[in-house]
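In this text, residue positions in the sequence shown follow my numbering: the first is 166, and each later residue adds one. Virtual Cβ for every residue (Gly too), placed ideally from N, Cα, C.
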Amino acid sequence: MPESFLLSRLLLQFNSETTDLVTDLSAVALTPDGNLWLGSDETTSLERLSLVEPHIFGKHQRFAIADFIELSEEAGEIDIEGIDFNSNYLWLVGSHSTKRKKAKGKDSKKDLQKLAQIETDVNRYLLARIPVNNGNLCKSIPHPENPKTQLTAGCLQRTKTGNLLTDALQDDSHLGLFLSLPIPSKENGFDIEGLAVHGERIFIGLRGPVLRGWAIILEIEVKESKQGVLKLKAIGEAGKLYKKHFVYLNGLGVRE
Numbered sequence: 166m167p168e169s170f171l172l173s174r175l176l177l178q179f180n181s182e183t184t185d186l187v188t189d190l191s192a193v194a195l196t197p198d199g200n201l202w203l204g205s206d207e208t209t210s211l212e213r214l215s216l217v218e219p220h221i222f223g224k225h226q227r228f229a230i231a232d233f234i235e236l237s238e239e240a241g242e243i244d245i246e247g248i249d250f251n252s253n254y255l256w257l258v259g260s261h262s263t264k265r266k267k268a269k270g271k272d273s274k275k276d277l278q279k280l281a282q283i284e285t286d287v288n289r290y291l292l293a294r295i296p297v298n299n300g301n302l303c304k305s306i307p308h309p310e311n312p313k314t315q316l317t318a319g320c321l322q323r324t325k326t327g328n329l330l331t332d333a334l335q336d337d338s339h340l341g342l343f344l345s346l347p348i349p350s351k352e353n354g355f356d357i358e359g360l361a362v363h364g365e366r367i368f369i370g371l372r373g374p375v376l377r378g379w380a381i382i383l384e385i386e387v388k389e390s391k392q393g394v395l396k397l398k399a400i401g402e403a404g405k406l407y408k409k410h411f412v413y414l415n416g417l418g419v420r421e
């Protein structure tokens with residue numbers, strides 16, 4: 166295997182009050198206007214850095230996702246694990262995962278109780294798009310090339326058990342069991358950690374589950390059913406709402 170080497174290094178300058186953010190960054194995308202967008206697995210916001218000098222990004226600005234997309238105030242972090250830019254929209258995806266409570270090692274009885282508890286944060290089940298205009302996120306703007314068309318922020322419709330994607334996967338022969346139990350992400354459970362958008366197609370990379378060394382990439386397409394709400398389009402065989410792609414990564418999952 167050839168030795169790796171550093172091509173270049175970037176300096177990211179954040180506001181002083183967001184120093185904890187640096188250790189929790191989990192997703193990044195560079196837009197054509199030269200802005201760097203970052204997401205954290207511990208917040209419900211997006212961060213924008215602008216190019217101020219060669220290899221230096223600064224002028225940090227935070228955007229609360231709840232200003233553009235309806236979120237649950239009591240449902241915790243989004244756990245942003247993927248960001249991409251396509252056709253004037255910034256896309257983002259949450260992990261869609263569950264987590265098992267951690268044992269603290271101080272009280273064995275309480276630790277055993279905690280280990281039996283699996284938590285679900287509603288905000289983690291987010292696949293959303295937000296229009297971008299001149300480096301700013303917008304709830305709704307006219308299309309820059311076709312003013313009669315309106316670009317609007319929206320997210321995949323939520324359901325009682327997650328959203329339309331997790332509902333569609335409940336009966337899947339490979340993924341259904343991991344969602345119906347549900348198995349926590351750290352135990353090879355369902356866990357999104359990658360996003361790529363190309364034209365109408367949205368590719369979602371799974372860190373888990375990994376099946377006998379094979380990682381899975383989901384492919385979907387969406388359409389706006391009403392303002393702010395996206396639904397899945399039928400793209401698979403027999404009218405399925407998704408396609409699956411298997412990639413052999415020697416036991417590793419997809420991570421952005």
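Residue state for I230 is assigned as helix, using DSSP reduced to three classes. Contact check for D249 against S260 fails: the beta carbons are separated by 7 Å or more. In this structure, the CA atom of R265 is about 8 Å from the CA atom of S350. Distances from the CA of I382 to each of A318, E310 and H339 were compared; the closest alpha carbon is that of H339. The Cβ atoms of F355 and W379 do not sit closer than 7 Å to each other. Distance from the Cα of C303 is smallest, within the candidate group S205, L292, L316 and D206, for L316. Rounded to the nearest whole angstrom, the C-alpha separation of E389 and A268 is 43 Å. Boundaries of the alpha helix (DSSP H) around T331: L329 to L334. Where L397 is concerned, there is no enclosing alpha helix (DSSP H), although the beta strand (DSSP E) around it starts and stops at V394 to L397.
Listed in chain order, the non-local C-beta contacts of L203 below 6 Å within the same chain comprise L190, V193 and E212, local neighbours out to five positions each way being set aside. The shortest C-alpha to C-alpha distance from Q322 to any of P309, E358 and I234 is the one to I234.
The C-alpha of K409 lies about 10 Å from the C-alpha of G370. In terms of CA proximity to N180, Q226 leads the group Q226, V362 and S215. Contact between the region 390-397 and the region 279-291 is absent, with fewer than three C-beta pairs closer than 8 Å. Cβ-Cβ separation between G418 and V387: approximately 24 Å, too far for a contact (criterion under 8 Å). Secondary structure at E246: strand, using DSSP grouped into helix, strand and coil.
Between L360 and I295, the gap from beta carbon to beta carbon reaches 7 Å or more. About 17 Å separates the beta carbons of G247 and E365, which is beyond the 8 Å limit, so they are not a contact pair. Distances from the alpha-carbon of L406 to those of V258, L330 and S345 put L330 closest.
Contact check for G300 against D198 passes: the beta carbons are separated by less than 7 Å. In terms of Cβ geometry, I230 and T209 form a close pair [threshold 7 Å]. With respect to the C-alpha of R420, the residue from I306, P312, F368 and G404 having the closest C-alpha is F368. Distance from the CA atom of P309 to the CA atom of V362, rounded to whole angstroms, is 20 Å.
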